[in-house]
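Visitor: I have a structure here, written as structure tokens, and I will follow up with some questions on it.
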Amino acid sequence: MLGLYSLSLPLPPGMELWLRDQIPDSTLAVIARRRRQSDQHLSLLAHGALRHFLAPLLGCTPQGVPIKNLEHGKPVLDLDDTDLHFSLSHSGERVLLGIADQNLGVDIEAMRLPVKPGLLEHCSVASERTWLKSDLDFYALWCGKEAALKHAGTGFHIQPQELSLDGHPDRGCTVQSPHPILQGLVVHSHRPAENYAAAVCLNTSFAPRKVSFLDSIQLPDAKLTDHE
């Protein structure tokens, strides 16, 4: 089972209040600390949509979905034994959610072009530079590595040069790393919308998946039906 879902700003009238009703006060307090209203709305959309989708699968209310953060901040279900996993990412004006029956990581990035040469050097290793021919290739690399680090739950406590992709992630590739938690993970990248790049990372090989797009106004009636 793997479902990938994307929503975007702006929020339609009344949607902010509906999203707040899906999210517990502790998470709302964290969201409120974001300085820009657009960042608050994007975080509301990500967390509200996640809880809305997970609640019927767990038989609880959206606010009651048990979520905890691991040591380096990765959110996971706070259950002793579950075959349900999720990952979420947001950037620019767009949210990407992944829900699967195995651990996963997703990442989405609003592309800022052109890419600075120093960033390319910082994020890649020599073997990857044989296929890094364009700014779009760089964002495929960046999203692929960040999805893998989110899968592992380490974030950038492991640096981008401590893992490598053995091919272009648009065609699917495997992660190579001296860190066992990353070694052998599988990454696929894609471009879910104009000026955006994204990637998903799973434990084993999988067929590329299309992203299901939802208008925010559709969210209250949306269910997890487009996955297998």
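Take the numbering used here: the final residue in the sequence shown is number 260, and no numbers are missing along the way.
Glycine included, C-beta positions come from ideal geometry on N, C-alpha and C.
Keep in mind that this is a model prediction, so the values were computed, not measured.
Measuring only the C-alpha atoms, how far is Cys175 from Gly150?
Guide: 17 Å
Visitor: Inspect the CB distances between the stretch 135-142 and the stretch 233-252 and report whether three or more fall short of 8 Å.
Guide: yes
Visitor: Which runs of the alpha helix (DSSP H) at least 4 residues long sit entirely within the stretch 199-234? Give them in chain order.
Guide: none
Visitor: Buried or exposed: where does Arg68 fall if 16 or more other Cβ atoms within 10 Å of its Cβ makes it buried?
Guide: exposed
Visitor: Over the uninterrupted alpha helix (DSSP H) stretch that includes Arg126, give me the two end residues.
Guide: Counting along the chain, Arg126 falls outside any alpha helix (DSSP H), though it belongs to the beta strand (DSSP E) covering Arg126 to Ala132.
Visitor: For Lys106, which residues in the same chain have their Cβ closer than 7 Å to its Cβ, ignoring the five residues on either side in sequence?
Guide: Lys182 and Gly185
Visitor: Based on the DSSP output, what are the partners of Glu272 in its beta bridges?
Guide: Because residue 272 is not part of the residues shown, which for the chain are 33 to 260, the question remains open.
Visitor: Secondary structure at Gly35, three-state DSSP: helix, strand or coil?
Guide: strand
Visitor: Under 7 Å Cβ to Cβ from Leu111, same chain only, skipping five residues before and after it: list those, please.
Guide: Pro98
Visitor: Near Asp198, what residues of its chain come up, given a Cβ to Cβ distance below 6 Å and the 5 sequence neighbours on each side ignored?
Guide: Cys205, Thr206 and Gln208
Visitor: If the criterion is Cβ atoms closer than 7 Å, does the pair Gly130 and Ala142 meet it?
Guide: no
Visitor: Using beta-carbon positions only, say whether Ser244 and Tyr37 come within less than 7 Å of one another.
Guide: yes
Visitor: Identify whether Leu197 lies in helix, strand or coil by the three-state DSSP scheme.
Guide: strand
Visitor: Under the rule that 16 or more other beta-carbon atoms within 10 Å means buried, what is Gln250, buried or exposed?
Guide: exposed
Visitor: Using DSSP's beta-bridge definition, name the partner residues of Val108.
Guide: Lys100
Visitor: Please say whether His220 and Trp163 have beta carbons closer to each other than 7 Å?
Guide: no
Visitor: Can you tell me the Cα-Cα spacing of Leu145 and Ala180, whole angstroms?
Guide: 23 Å
Visitor: Considering only residues of the same chain and omitting the five flanking positions on each side of Leu102, which have a CB-CB separation below 8 Å?
Guide: Val108 and Gly185
Visitor: Is Thr59 buried or exposed, if buried means 16 or more other CB atoms sit within 10 Å of its CB?
Guide: When all chains shown are included, Thr59 counts as buried.
Visitor: According to DSSP, is Phe238 helix, strand or coil?
Guide: coil
Visitor: Would His73 and Leu41 be called neighbours here (beta carbons separated by less than 7 Å)?
Guide: yes
Visitor: Which value, in whole angstroms, describes the spacing of the CA atoms of Leu246 and Leu77?
Guide: 12 Å
Visitor: Drop a sphere of 10 angstroms on the beta-carbon of Arg126, count the other beta-carbons inside from all chains shown, and report buried for 16 or more, exposed for fewer.
Guide: Within 10 angstroms of the beta-carbon of Arg126 lie 16 or more other beta-carbons, which makes it buried.
Visitor: Considering only their Cβ atoms, is the gap separating Pro94 from His79 smaller than 7 Å?
Guide: no
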